[in-house]
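Notes follow once the structure below has been shown.
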Amino acid sequence: MHNPQLNQHGELQHLITTEGLPKSIINHILDTAESFVSIGNREVKKVPLMRGKSVFNLFFENSTRTRTTFEIAAKRLSADVINLNIAASSTSKGETLLDTIDNLAAMHADMFVVRHAQSGVPYLIAKHLHDTSQHHVHVVNAGDGRHAHPTQGLLDMYTIRHYKKDFTQLRVAIVGDILHSRVARSDIHALTTLGVPEVRAIGPKTLLPGGLDQMGVRVFNDMDEGLKDVDVIITLRLQHERMSGALLPSAQEFFKSYGLTPERLALARPDAIVMHPGPMNRGVEIDSAVADGPQAVILSQVTFGIAVRMAVMSILAGN
Amino acid sequence: MKLHIKNGHLIDPMNDIDSQQDLYINAGKIAAVGAAPAGFKADKTIDAGGLTVIPGLVDLCARLRDPGYEYKATLESELRAAVRGGVTSLICPPDTDPVLDESGLVGMLKQRARAQNLAHVHPLGALTLGLQGQQLTEMSALTEAGCIGFSQAEHLITDTNVLLRAMQYAKTFGYTVWLRPQDAWIGVGGVAHSGAFASRMGLSGVPVMAETIALHTIFELQRSTGARVHLCRISSAAGVELIRQAKREGLDVSCDVGVHHLHLTDTDIGFFDANARLSPPLRSERDRDALRMAVFDGTIDAICSDHTPVDDDEKMLPFAEASPGATGLELLLSLVIKWARETHISLPIAIARITSDPARLAGLSAGKLSVGSSADLCIFNPAAEWKVDQSSLISQGKHTPFVNYFLPAQVQTTMVAGHIVYSRD
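These protein sequence lines are chains L and G, in that order.
Note that our numbering gives residue 336 to position 316 of the first sequence, counting from 1, and the numbers run on in steps of one.
Note that our numbering gives residue 34 to position 29 of the second sequence, counting from 1, and the numbers run on in steps of one.
See below:
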């Protein structure tokens, strides 16, 4: 089937998911990001790669954090950035999603950074741009429903590569609410593409989707067992609305069974790193002693995230 | 008017005919098959050389969206689509607006449909008022007005006691209860088959057990009430197995499958193609193969189009927000023949599943070309191939997962009561 995120030359046209993304493209993004990391330390934190280009941040779902990192990344590339918090504007006036896209495209957008609560929305937009022959407009998925969050996945890969160098010897554990997590899905696809031999998912049965084994993932319900000898631990945010109900009895009980404590961390390899996509719930999925401890690389993820998003946007703008 | 259809290959499963036979029609009825009746002088002769002549199709589930949703489709547009697809009798579920829960509405629908002089329309009445699942409808009055059975359409009865009472009441008068087996809680909000594909795509799932739990409940209620039940649109291998057992046990049950489910699986959703958003959802390959086998061996009695016109505004949305359903009346015959050819099933068996079998279980005297029966028939070109093109569909529903597919067999002529109601030329 035609993969809309690649153009006819096999280059990146949109970044929608890490699934099926060729290893060469992932490595190209990570290499490009590496060249951008140092820009943040300069006196003048800008390069002119996207001068004159307009990037529209279309957030149909609120997120200050992710939107800000995309905004910073675009501005460091010298692009003009327009932030639209659509959750609170046109769709509530009855305008359809694709009407909104048409209107913004008519304002000569070069790139849409899209976040939406429904899985698949970036494909809908990409298809619409294709059907209306607007091939110069690129789409970056900033998170769609439970489906994908590819820039988070890629920045996680950047972080792992930075600390571990080689993917082909690693055990990586993803812990918590995999069922609702687009980050977990994007991580899993990127990790398996990059040759990680063992990807583990740890959580209660209510928070693990079916078919994980078919994605190349080993499933653990026991936290201690799942953490044994891993090199990387990715803890996921547990959304407040999942903390009590039919999926979980309480946040406390979740922490008791799946919270990452120093004792549990000790089961992993001594040089294991601890990651979290943020924002953290301290005392729910992660103990403060771990979050602030020497093995946590959570703030590095944030720094690298800017460079990775710069890499994605500059590569798209160049294709 | 006397008609002579000559040189056609006649397939009439009901009468076990699968050979070249001429057909003679007089006053809207089949006058003879094979040799002309004595003194028959045709007013018109149709040469069906190279073509196949079959009874008009009987479709167990076609939504006409009328009354109430005329912006999606009208009685006229959909009945024209029906005859273009060779469908001469169709059964429509009661989920119109207003719901078909009152005999006046049913009478009006029947009358308006008759005035079109196209396909016969046989409505299902609502099993409960407003499809709310609480109060029974006046089933006897609805039957008099023309309802051939009672259904909840896509609305589920959450109160099992109401379902029990509805089945007891229907049994009292010998009415058939048409139910789509789906648990009212499991799979709520789901938009795709629970499985590896939905997990990967981040779509919420409808597990197979949503179907099997409902089947267990329905069968248990049947054991107690003895009510006759027709199960609508089975979707899973496990569901098929339960029905096979129920039939073996002797429960008075029949069932159908939507034609899409004989061809497609969850992975055909591809990159969130809302055209493949159907209810029940497309399931796994194993399920699809079990459905194909079950239609062949008769566990599934009939294939329906599950025709559901949906307009652009309700399809060009994020997958989970798009309305489920696809247009189907104009594709039914071609998709059934495609299935038969792919699985090497003889054409008479395949044709039976869209003519004589659905007619029998809906209690209609249709789906056959017996002498004396109404001359409702379909003449198609088995060698033709056509491309499914949104702009060329007559139905106001333009959305189908088969868009741009090349399908076999094309309807040439459709007749209802001896009148040509569709002709390709």
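C-beta atoms are modelled at their ideal positions from N, C-alpha and C, and glycine is treated no differently.
{"Asked": "If I'm right that Ala118 of chain G touches Leu334 of chain G with Cβ under 8 Å, what's the distance once you round it to whole angstroms?", "Found": "Actually they do not touch by this definition, with Cβ atoms about 14 Å apart."}
{"Asked": "Ends of the alpha helix (DSSP H) at Arg365 of chain G?", "Found": "361-367"}
{"Asked": "Which residues in chain C sit within 9 Å of Thr116 of chain L, going by Cβ to Cβ distance?", "Found": "Included in the structure are the protein chains L and G, with no chain C among them."}
{"Asked": "What are the boundary residues of the alpha helix (DSSP H) that Gln121 of chain G is part of?", "Found": "108-121"}
{"Asked": "Taking DSSP's pairing of strands, which residues face Gln25 of chain G in a bridge?", "Found": "G:His14"}
{"Asked": "Within the continuous alpha helix (DSSP H) that includes Asn103 of chain L, where are the two ends?", "Found": "Taken as a continuous stretch (DSSP letters only), Asn103 of chain L belongs to no alpha helix (DSSP H), being part of the beta strand (DSSP E) at 100-105."}
{"Asked": "Tell me, please, which residues DSSP counts as bridged to Phe240 of chain L.", "Found": "L:Ile222"}
{"Asked": "Would you say Phe277 of chain G lies against chain L (beta-carbon separation less than 8 Å)?", "Found": "yes"}
{"Asked": "By the DSSP assignment, the alpha helix (DSSP H) with Gln417 of chain G in it spans what residues?", "Found": "That residue, Gln417 of chain G, is in no alpha helix (DSSP H); its beta strand (DSSP E) goes 411-421."}
{"Asked": "Report the option in L:His150, L:Asp100, L:Thr171, L:Ala125 whose CA atom is closest to the CA atom of Ser135 of chain L.", "Found": "Ser is not the amino acid found at residue 135 of chain L; the sequence shown has Arg there. The candidate whose alpha carbon is nearest that of Arg135 of chain L is L:Thr171."}
{"Asked": "Spatial neighbours of Ile180 of chain L within its chain, please: CB distance less than 6 Å, with the 5 preceding and 5 following residues excluded, ordered by chain position.", "Found": "Val252"}
{"Asked": "Mind checking which residues open and close the alpha helix (DSSP H) that includes Thr148 of chain G?", "Found": "144-150"}
{"Asked": "Can you tell me where the alpha helix (DSSP H) with Leu199 of chain L in it begins and where it stops?", "Found": "It is not in any alpha helix (DSSP H) - Leu199 of chain L carries neither H nor E in the DSSP assignment."}
{"Asked": "Is the number of C-beta pairs between the segment 407-414 of chain G and the segment 391-398 of chain G that are closer than 8 Å three or more?", "Found": "yes"}
{"Asked": "Rounded to a whole number of angstroms, what is the C-alpha to C-alpha distance between Val376 of chain G and Val38 of chain G?", "Found": "7 Å"}
{"Asked": "Tell me where the beta strand (DSSP E) around Met295 of chain L begins and ends.", "Found": "293-295"}
{"Asked": "Using 10 angstroms around the beta-carbon of Leu319 of chain L, count the other beta-carbons present and answer buried if the total reaches 16, otherwise exposed.", "Found": "exposed"}
{"Asked": "Please return the same chain residues whose Cβ sits closer than 6 Å to the Cβ of Ala189 of chain G, not counting the five positions on each side in sequence.", "Found": "Leu161, Thr163"}
{"Asked": "Taking C-beta to C-beta, are Phe90 of chain L and Ala162 of chain L nearer than 8 Å?", "Found": "yes"}
{"Asked": "Just the Cα atoms here: how many angstroms apart are Lys65 of chain L and Gln25 of chain L?", "Found": "30 Å"}
{"Asked": "Compare the C-beta of Gly230 of chain L against all C-beta atoms of chain G and say whether one is closer than 8 Å.", "Found": "yes"}
{"Asked": "In chain order, what residues of the same chain have a beta carbon less than 6 Å from the beta carbon of Met21 of chain L, not counting five sequence neighbours either side?", "Found": "Because Met21 of chain L sits at a pLDDT of 48, beneath the cut-off of 50, its placement in the model cannot be relied upon, and the following sentence gives the value as read from the coordinates. Within the same chain, Met21 of chain L has no close Cβ partners at all."}
{"Asked": "Val63 of chain G bridges to which residues according to DSSP?", "Found": "G:Ser94"}
{"Asked": "Assign Leu236 of chain G to one of three DSSP states: helix, strand, or coil.", "Found": "strand"}
{"Asked": "Determine the extent of the alpha helix (DSSP H) in which His312 of chain G is found, giving its start and end residues.", "Found": "First-last for His312 of chain G: undefined, no H or E at that position."}
{"Asked": "Could you check what DSSP says for Val58 of chain G in three-state terms: helix, strand or coil?", "Found": "strand"}
{"Asked": "Since Asp318 of chain G is in the alpha helix (DSSP H), which residue starts that stretch and which ends it?", "Found": "317-320"}
{"Asked": "Taking the straight line between their C-alpha atoms, what separation do you get for Gly54 of chain G and Lys11 of chain G?", "Found": "7 Å"}
{"Asked": "Count the other CB atoms within 10 Å of the CB of Gln250 of chain G; is the residue buried (16 or more) or exposed (fewer)?", "Found": "exposed"}
{"Asked": "Determine the chain L residues that contact Gly200 of chain G at a beta-carbon separation under 8 Å, and present them in chain order.", "Found": "Gly230, Gly231"}
{"Asked": "When the cut-off is 8 Å and only beta carbons count, does Ala189 of chain G lie next to chain L?", "Found": "no"}
{"Asked": "Give the residues of chain L in contact with Leu412 of chain G, contact being defined as C-beta atoms less than 8 Å apart.", "Found": "What Leu412 of chain G touches in chain L: nothing, since even the nearest Cβ is about 20 Å away."}
{"Asked": "Using a C-beta cutoff of 8 Å, does Gly140 of chain L count as contacting chain G?", "Found": "yes"}
{"Asked": "Does Asn20 of chain G come out as helix, strand or coil in the three-state DSSP assignment?", "Found": "helix"}
{"Asked": "My output table needs one value for Asp302 of chain G: the three-state DSSP class, helix, strand or coil.", "Found": "helix"}
{"Asked": "Measuring only between beta-carbons, confirm whether Leu211 of chain L sits less than 8 Å from chain G.", "Found": "no"}
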